[in-house]
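**Q** Just so you know, the protein sequences line up as chains F and Z, in that order.
Residue numbers for the first sequence follow the numbering used here, so the first one is 2 and each next one is one higher.
Residue numbers for the second sequence follow the numbering used here, so the first one is 10 and each next one is one higher.
The C-beta atom is built at its ideal place from N, Cα and C for all residues, glycine as well.
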Amino acid sequence: GEQVEQRPPHLSVREGDSAIIICTYTDSATAYFSWYKQEAGAGLQLLMSVLSNVDRKEEQGLTVLLNKKDKRLSLNLTAAHPGDSAVYFCAVTNTNTGKLTFGDGTVLTVKP
Amino acid sequence: EAAVTQSPRSKVAVTGGKVTLSCHQTNNHDYMYWYRQDTGHGLRLIHYSYVADSTEKGDIPDGYKASRPSQENFSLILELASLSQTAVYFCASRGLGSNTGQLYFGEGSKLTVL
């Protein structure tokens, strides 16, 4: 089945710095690529999602890059602020089965 | 606004007891999912369903059953709860025609097995 590896598991940056999280996946039959944010004690909220035919997407200080050749997905928070501190998950959706597989998450801490 | 509601939000169960976690969605979505999250870890798929009266095994189905009696409702059943099933369980839904793959999550059900 699909294997998703996410790194780093923990990331600490200063306010205003960039924070980059990377996921790699194994299954070529992957249609959708998503990033979710989970704040303490809450469920997951979608940050951004891209289809497999999109290489780059930018929205509100977030940039998602998709490299299908290397099966790599990244999330870049271009100017992090303390409110961005949370756990971030990537997720990939298999075209054929509809299954979503998540990475193990990255705990992001943004220090003032 | 899409809505997925889970019940109970928190439960303490005894080892060997039966636990049922319920999920209800008002999104008119075809897909529903049950994930478990362990402290410090990501979400692992237990069971999912893409149509009423049918369920599919996810990545960690052992020790769990699922039931989808209607499009709106999806239950997760632990017939004989064990200590290792202590976790937070999330239900989610997704539209079949979704062009983003977006999942809508419930708030989670914290299960403690003693």
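If we call anything under 7 Å between Cβ atoms a contact, is Z:H33 one with Z:W43?
**A** One-based indexing of the second sequence puts residue 33 of chain Z at position 24. One-based indexing of the second sequence puts residue 43 of chain Z at position 34. No. Outside cutoff.
**Q** Go through its chain and collect everything with a Cβ distance to Z:S31's Cβ below 6 Å, but skip five positions before and after it.
**A** Counting from 1 along the second sequence, the entry for residue 31 of chain Z is found at position 22. Closer than 6 Å at the Cβ level, and outside the excluded window around Z:S31, lie S16, S84.
**Q** In this structure, how does DSSP classify Z:S76 when only helix, strand and coil are distinguished?
**A** The residue you call residue 76 of chain Z lines up with position 67 of the second sequence. Three-state DSSP puts Z:S76 in a strand.
**Q** State the DSSP-derived secondary structure class of Z:L123, mapped to helix, strand or coil.
**A** Counting from one through the second sequence, the residue named residue 123 of chain Z turns up at place 114. If DSSP states are grouped into helix, strand and coil, Z:L123 belongs with coil.
**Q** Below 8 Å on the Cβ atoms is my contact criterion, and I expect F:L74 with F:F103 to pass it. Report the Cβ-Cβ distance as a whole number of Å.
**A** As a working mapping, residue 74 of chain F is identified with position 73 in the first sequence. As a working mapping, residue 103 of chain F is identified with position 102 in the first sequence. F:L74 to F:F103, Cβ: 12 Å. No contact.
**Q** Going by beta carbon distance, what residues of the same chain come within less than 6 Å of F:L45, once the five residues before and after it are set aside?
**A** Here the question's residue 45 of chain F lines up with position 44 in the first sequence. Same-chain partners within the cutoff: Y37, Q39.
**Q** Determine, for Z:F83, whether the minimum Cβ-Cβ distance to residues of chain F falls below 7 Å.
**A** Indexing the second sequence from 1 puts residue 83 of chain Z at position 74. Chain F, which has no Cβ nearer than 7 Å to the Cβ of Z:F83, makes this no.
**Q** For F:T27, count neighbouring Cβ atoms within 10 angstroms of its own Cβ and tell me buried if that reaches 16, exposed if not.
**A** Against the first sequence, residue 27 of chain F aligns to sequence position 26. Classification of F:T27: exposed, given that the 10 Å Cβ count is below 16.
**Q** Near Z:D47, which residues of its chain fall below 6 Å by C-beta distance, leaving aside the five closest residues on each side in sequence?
**A** For the purposes of this step, residue 47 of chain Z is taken as residue 38 along the second sequence, with counting starting at 1. Contacts found: A96.
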